[in-house]
Amino acid sequence: MSDRIDTPTDVREGEELDVDCLGVWLREDRPDLAGEIEVLQFPAGHSNLTYLIRVGDREFVLRRPPHGAHVESGHDMSREWRVLKALEGTYDRVPSPVAFCDEEDVIGAPFYLMERVEGAVLRGADPEGFELDAATMEGLSESFVEEFATLHGIDWKEAGLEGFGNPEGYVDRQVVGWIDRYAKSRTDEIEQMEEVGDWLKTNRPETDLDQRGASLIHNDFKYDNLVLDPEDLSQIRAILDWEMATVGDPLMDLGTTLAYWVEDDDPDVLLTMQFGPTAKPGNFTRRELVDAYAERTGRDVSDMLFYYVYGLYKVAVIGQQIYYRFDQGHTDDPRFAALIHAVRALASTAVRALERDSI
Numbered sequence: 000m001s002d003r004i005d006t007p008t009d010v011r012e013g014e015e016l017d018v019d020c021l022g023v024w025l026r027e028d029r030p031d032l033a034g035e036i037e038v039l040q041f042p043a044g045h046s047n048l049t050y051l052i053r054v055g056d057r058e059f060v061l062r063r064p065p066h067g068a069h070v071e072s073g074h075d076m077s078r079e080w081r082v083l084k085a086l087e088g089t090y091d092r093v094p095s096p097v098a099f100c101d102e103e104d105v106i107g108a109p110f111y112l113m114e115r116v117e118g119a120v121l122r123g124a125d126p127e128g129f130e131l132d133a134a135t136m137e138g139l140s141e142s143f144v145e146e147f148a149t150l151h152g153i154d155w156k157e158a159g160l161e162g163f164g165n166p167e168g169y170v171d172r173q174v175v176g177w178i179d180r181y182a183k184s185r186t187d188e189i190e191q192m193e194e195v196g197d198w199l200k201t202n203r204p205e206t207d208l209d210q211r212g213a214s215l216i217h218n219d220f221k222y223d224n225l226v227l228d229p230e231d232l233s234q235i236r237a238i239l240d241w242e243m244a245t246v247g248d249p250l251m252d253l254g255t256t257l258a259y260w261v262e263d264d265d266p267d268v269l270l271t272m273q274f275g276p277t278a279k280p281g282n283f284t285r286r287e288l289v290d291a292y293a294e295r296t297g298r299d300v301s302d303m304l305f306y307y308v309y310g311l312y313k314v315a316v317i318g319q320q321i322y323y324r325f326d327q328g329h330t331d332d333p334r335f336a337a338l339i340h341a342v343r344a345l346a347s348t349a350v351r352a353l354e355r356d357s358i
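Going by numbering that gives the first Met the number 0, the letters in the sequence shown line up with residues 0 to 358, in that order.
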């Protein structure tokens, strides 16, 4: 099963860490971790940079913001660190936090270390090395919904996350905020992005969040942020990438997930840029996912079209922000060059959903 374990490779050129400075800091902060340091990099991901740090016979994961990023709220290492610390001992699907550094002069940016949770990560439409039959995908879909519902049911106040987010007015702030982020990172004229942004502003649900209940939300809950048991891919070992976590409307979280949940009749661009094998036989459709979530949580999902369109717009803006870094020369990672096509496809998918009045 070792070939199913998510495996790091050599560090990409231009994204190296200063191992000497890291070693000095680590010996001071965690003297129990003395030893020679080896650094590798996990090659996937379009946002924060993720490295494997070996110290002796122990393995950790280091997370830091990407080079050239200007979206501070989206790359706040202290935010991820706070979530992991709060959930430690409360929720067993988060890696154990190890150390946090807010000093940029160590490796050039704030960062944190967490214990590595070894397992399989499904990336892309057809992850290499995995036999994803219909029974496996159905089982994983069920576990996905169960874990999502469990996450949204956490007593976030009891966990010490009081003040971590501001649920009041959350939907309004998110809609306005993502429209503003798009304006600041726009590179191309995409009429459908403007159309969808305008629709979101004028079609926000009237449901009071107090009636639904605020939840701790992940805001990036998808297959490639899950560590799975390599011997039983329906079992979730850990949830990764808490950089956008907050307290707010859980249906906003579900809407973002739906935007990543590509089906086999979606645009070809989205089918080729999937973040997980959601279009495989046996996997829940978007409607089945929503229905299962509603059954598990008892939440009213009658306004799900709004949340789905919001999710598509939000993911498009995230892609636009990353493409902006490429366009401005802050990174030459070739993966980012095609993201502008994903932005267009996500916008057109949102318009199509509005035209057919369906997710």
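Heads up, the beta-carbon is just placed ideally off N, CA and C, and yes, glycines get one too.
Residue i vs residue j beta-carbon contact at 8 angstroms
i, j, result
"Ala346", "Met192", "yes"
"Val314", "Ile189", "no"
"Pro249", "Ser301", "no"
"Leu227", "Ile216", "no"
"Arg404", "Asn47", "In the structure displayed, the chain extends from 0 to 358; residue 404 sits before or after that span and is not available."
"Asn202", "Phe305", "yes"
"Thr271", "Lys221", "no"
"Leu83", "Ala98", "no"
"Ile358", "Val289", "yes"
"Asp332", "Thr186", "no"
"Arg92", "Ala237", "yes"
"Ala337", "Pro266", "no"
"Leu21", "Ile153", "no"
"Tyr307", "Ser184", "no"
"Thr330", "Pro65", "yes"
Cutoff 6 angstroms; reference residue i; Cβ partners in own chain excluding five residues on either side
i, result
"Val54", "Leu32, Gly34, Ile36"
"Ala133", "Pro280, Gly281"
"Thr6", "none"
"Ala278", "Val261, Glu262, Asp263"
"Pro204", "Asp302, Phe305"
"Thr89", "Ala158"
"Ala119", "Arg3, Leu227, Pro229"
Distance between beta carbons of residue j and residue i, contact taken as under 8 angstroms
i, j, result
"Arg11", "Phe59", "Their Cβ separation, rounded to whole angstroms, is 19 angstroms, which puts Arg11 and Phe59 out of contact at 8 angstroms."
"Arg295", "Ala148", "4 angstroms"
"Gly254", "Tyr309", "5 angstroms"
"Phe143", "Leu232", "In fact, because the Cβ distance is near 11 angstroms, the residues do not count as touching under 8 angstroms."
"Ser140", "Phe283", "4 angstroms"
"Arg180", "Gln320", "7 angstroms"
"Asp240", "Leu121", "Going by Cβ atoms, the distance from Asp240 to Leu121 rounds to 14 angstroms, so no, they are not a contact pair."
"Ala258", "Leu311", "5 angstroms"
"Asp9", "Leu39", "7 angstroms"
Selection from the options that minimises the alpha carbon distance to residue i
i, options, result
"Val195", "Arg334, Leu48, Val316", "Val316"
"Gly363", "Val170, Val261, Arg355, Arg295", "Any question about residue 363 goes unanswered here, given that the chain covers just 0 to 358."
"Val170", "Thr186, Met251, Leu39", "Met251"
"Gly162", "Arg351, Asp101, Arg78, Leu21", "Arg78"
"Glu146", "Tyr292, Val350, Ala349", "Tyr292"
"Asp17", "Gly88, Asp104, Ser95", "Asp104"
"Asn165", "Pro30, Val246, Thr89, Glu205", "Val246"
"Gly176", "Gly138, Leu199, Glu242", "Leu199"
"Asp197", "Asp28, Ala349, Gly13", "Ala349"
"Ile4", "Gly328, Gly13, Glu127", "Glu127"
"Leu51", "Glu117, Val268, Asp299", "Glu117"
"His151", "Glu14, Arg351, Gly13, Asn218", "Asn218"
Spatial neighbours of residue i in its chain, beta-carbon cut-off 8 angstroms, leaving aside the 5 residues before and after
i, result
"Met0", "Only weak support exists for where Met0 lies, its pLDDT of 43 falling under 50; the coordinates are left without a value."
"Thr49", "Gln40, Phe41, Val60, Leu61, Arg62"
7 angstroms Cβ shell around residue i - same chain, five flanking residues per side excluded
i, result
"Asp101", "Ser77, Pro109"
"Leu353", "Trp198, Val308"
"Gln173", "Met251"
"Ala85", "Ala158, Gly159, Leu160"
Discussion item. Suppose only complete runs of 4+ residues qualify. What are the alpha helix (DSSP H) ranges in the segment 198–265, listed by chain order?
Written reply: 208–211, 249–259
Item to complete: Please specify which runs of the alpha helix (DSSP H), each continuous and at least 4 residues long, are wholly inside the segment 143–181, giving them in chain order.
Response: none
Worksheet entry | 4-residue-minimum alpha helix (DSSP H) runs that sit fully inside the segment 62–128, ordered along the chain | 76–86
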